[in-house]
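In my numbering, the protein residues as written are 65 to 234.
Single-structure report; data block below.
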């Protein structure tokens with residue numbers, strides 16, 4: 065077992081977290097300044113509470129989407145399925161920003177873009193924030209949930225620097 069502290073801790077933490085499988089989501093919002101849609105890939109998306117129903121997204125304060133969420137006060141978490149992994153590159157590559165909403169079947173609800181074919185769309189209103197280090201945590205109360213038709217969801221995951229598939233052990 066490797067044990068370090070100081071400057072090495074960031075490298076070790078990244079290595080440790082690469083081993084932790086997580087969902088792949090696209091967080092979308094409206095850009096009040098530019099008037100168009102905005103979005104980013106997010107792996108730091110977690111439920112906070114069921115009373116009230118709420119979700120947390122961690123957004124790098126340097127990302128183009130940060131100011132959009134902050135100004136719009138609303139966002140949508142689009143939970144991706146394995147068949148949607150081609151949508152990840154445009155939302156995680158700055159040079160592809162202009163093509164983010166060109167494919168995939170995007171629709172709008174109250175100016176917030178959502179992926180109609182996603183496993184689920186979780187619409188949130190920002191209720192609380194916390195700045196910590198390079199990121200701001202946005203806690204949003206969920207005001208609408210849209211679920212994909214069908215019971216056989218195949219969620220897209222991320223682990224060890226690549227896409228992963230999740231499945232039941234039972």
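Virtual Cβ for every residue (Gly too), placed ideally from N, Cα, C.
Residue of the options minimising C-alpha distance to residue i
i	options	result
residue 225	154, 80 and 72	80
residue 130	178, 222 and 195	195
residue 124	204, 233, 211 and 197	197
residue 86	220, 233, 232 and 234	220
residue 108	101, 121 and 209	121
residue 167	173, 95 and 179	179
residue 152	202, 134 and 182	182
residue 203	209, 133, 74 and 89	133
residue 99	228, 208 and 135	135
residue 223	163, 78, 111 and 73	78
residue 163	102, 174, 200 and 189	102
residue 126	138, 145, 137 and 104	104
residue 83	233, 232 and 228	228
Extent of the continuous alpha helix (DSSP H) to which residue i belongs
i	result
residue 134	128-136
residue 155	152-156
Beta-bridge pairing of residue i - partner residues as DSSP gives them
i	result
residue 229	220
residue 184	143 and 211
residue 85	DSSP output for residue 85 lists no bridge partner at all.
residue 178	171
residue 205	118 and 189
residue 166	Per DSSP, none; premise fails for residue 166.
residue 110	120
residue 194	201
Contacts around residue i, its chain only, beta-carbon distance under 8 angstroms, and the 5 residues preceding and following it disregarded
i	result
residue 161	128 and 154
Own chain residues within Cβ distance below 7 angstroms of residue i, not counting five before or after
i	result
residue 172	none
residue 112	118, 119, 120 and 203
residue 96	135 and 136
residue 208	187
6 angstroms Cβ shell around residue i - same chain, five flanking residues per side excluded
i	result
residue 140	92, 176, 178, 185 and 187
residue 73	none
Delimiting residues of the beta strand (DSSP E) encompassing residue i
i	result
residue 96	It is not in any beta strand (DSSP E) - residue 96 carries neither H nor E in the DSSP assignment.
Quiz item: So, do the stretch 109-122 and the stretch 156-168 have three or more beta carbon pairs nearer to each other than 8 angstroms?
Solution: no
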